[in-house]
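Working notes, beginning with the structure itself.
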Amino acid sequence: MRKPFIAGNWKMNKTVSEAESLVTDIIERLSDVEGVEIGVCPPAIDLVSVREIIKNKGIKLGAQNMHWEEKGAYTGEISGPMLKELGVDYVIIGHSERRQYFGETDQSVNRKVKAVFDYGLKPIICVGETLKERKDGKTEAKVSSQIKAALAGLKPEQVVEVVVAYEPIWAIGTGESATAGQANEVIKGIREIIEKNFPGDAQKVRIQYGGSVKPHNVEEFMVESDIDGALVGGASLEADSFAELIIKTASIYQG
Ligand code: 13P
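Under our numbering, the sequence shown has 652 at position 247, and the numbering climbs by one with no breaks.
If you want it as structure tokens, here you go:
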């Protein structure tokens, strides 16, 4: 069985001192939760102090972005070796906000995904359609082209380590989540595309749902057959709501 993975994407929120107090509060609330992988993805500037606090607490550390080059003249960027030395586990790649506001393309996403593996990290690859694409019946086409491009050239042993986050853009930060059925259907489609391109591996790949996941709706998503966790924005910024999401997920998986 795939282990569910709930990760908090803090986006551009929390100063160092705020991050320290949030993650301390999260740890306090989750000390006896089992069966769920938990991750926090703070802004890059918070990674060092968050890493110190979560050491040996069973919480994974994620970055929100990474450049594909090892080093060099790329002002403002952060490289794989920098993240690796810090003890980062995961890197979110191709979030829709990075595609929308910072010009990331399927090609840059693919370069970044390969670099993430080159430096011994694991990617959380984000895909998802706009509202217009959904209304035009283009969800499947959009998401499959994103996923094919992101995974192009990977080795099968890398593909099974990938985490995919299906995040319909219209559901992010809007309070309007996809229905669990809608999300599961698209996620099943993603698994089929992976299976076609990497036969035998798709059942091992974890695919999260993201987009207005809250304590009141998390269970609807987590009971679905193909949804293996969540990438959480707003509700990960408060310890109470983030912990509640995880506790509810754990109880579902423990039956
Ligand atoms: P919200 O949970 O705030 O909708 O954000 C989802 C998201 O973008 C996580 O990466």
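The beta carbon of each residue, even a glycine, is placed where N, CA and C say it ideally should be.
CA-to-CA distance, residue j to residue i, given in whole angstroms
i, j, result
"residue 615", "residue 479", "30 angstroms"
"residue 408", "residue 422", "31 angstroms"
"residue 609", "residue 426", "35 angstroms"
"residue 587", "residue 621", "18 angstroms"
"residue 557", "residue 412", "25 angstroms"
"residue 510", "residue 504", "6 angstroms"
"residue 406", "residue 625", "19 angstroms"
"residue 535", "residue 523", "31 angstroms"
"residue 487", "residue 521", "11 angstroms"
"residue 516", "residue 443", "26 angstroms"
"residue 651", "residue 637", "11 angstroms"
Check: residue i C-beta below 7 angstroms from any heavy atom of the ligand 13P
i, result
"residue 500", "yes"
"residue 618", "yes"
"residue 581", "no"
"residue 414", "yes"
"residue 640", "yes"
"residue 636", "yes"
"residue 572", "yes"
"residue 586", "no"
"residue 558", "no"
"residue 605", "no"
"residue 578", "yes"
"residue 615", "yes"
Beta-carbon proximity of residue i to residue j, cut-off 8 angstroms
i, j, result
"residue 576", "residue 617", "yes"
"residue 565", "residue 530", "no"
"residue 525", "residue 560", "no"
"residue 553", "residue 602", "yes"
"residue 428", "residue 458", "yes"
*Counting pairs of beta carbons, one from the segment 568 to 577 and one from the segment 590 to 606, are three or more of them closer than 8 angstroms?*
Taking 8 angstroms as the limit for Cβ pairs, the verdict is that the segment 590 to 606 does touch the segment 568 to 577.
Okay, do the segment 466 to 478 and the segment 445 to 458 touch, 3+ Cβ pairs below 8 angstroms being the bar?
-> Segments in contact, yes.
Quiz item: Does the pairing of the segment 538 to 548 with the segment 488 to 505 give three or more beta-carbon distances under 8 angstroms?
Solution: The segment 538 to 548 vs the segment 488 to 505: no contact.
Discussion item. For the segment 648 to 656 against the segment 436 to 448, do three or more pairs of beta-carbon atoms, one drawn from each stretch, fall closer than 8 angstroms, so that the two count as touching?
Written reply: Three or more pairs of CB atoms, one per stretch, sit closer than 8 angstroms, so the segment 648 to 656 contacts the segment 436 to 448.
Fill in: Runs of beta strand (DSSP E) wholly within the segment 509 to 541 (minimum 3 residues, chain order)
Those beta strand (DSSP E) runs which fall completely within the segment 509 to 541 and span 3+ residues are 527 to 532.
_Any alpha helix (DSSP H) of 4 or more consecutive residues that is wholly inside the segment 436 to 514_ = With a minimum length of 4 residues, the continuous alpha helix (DSSP H) runs that stay inside the segment 436 to 514 are 452 to 459, 485 to 491 and 501 to 506.
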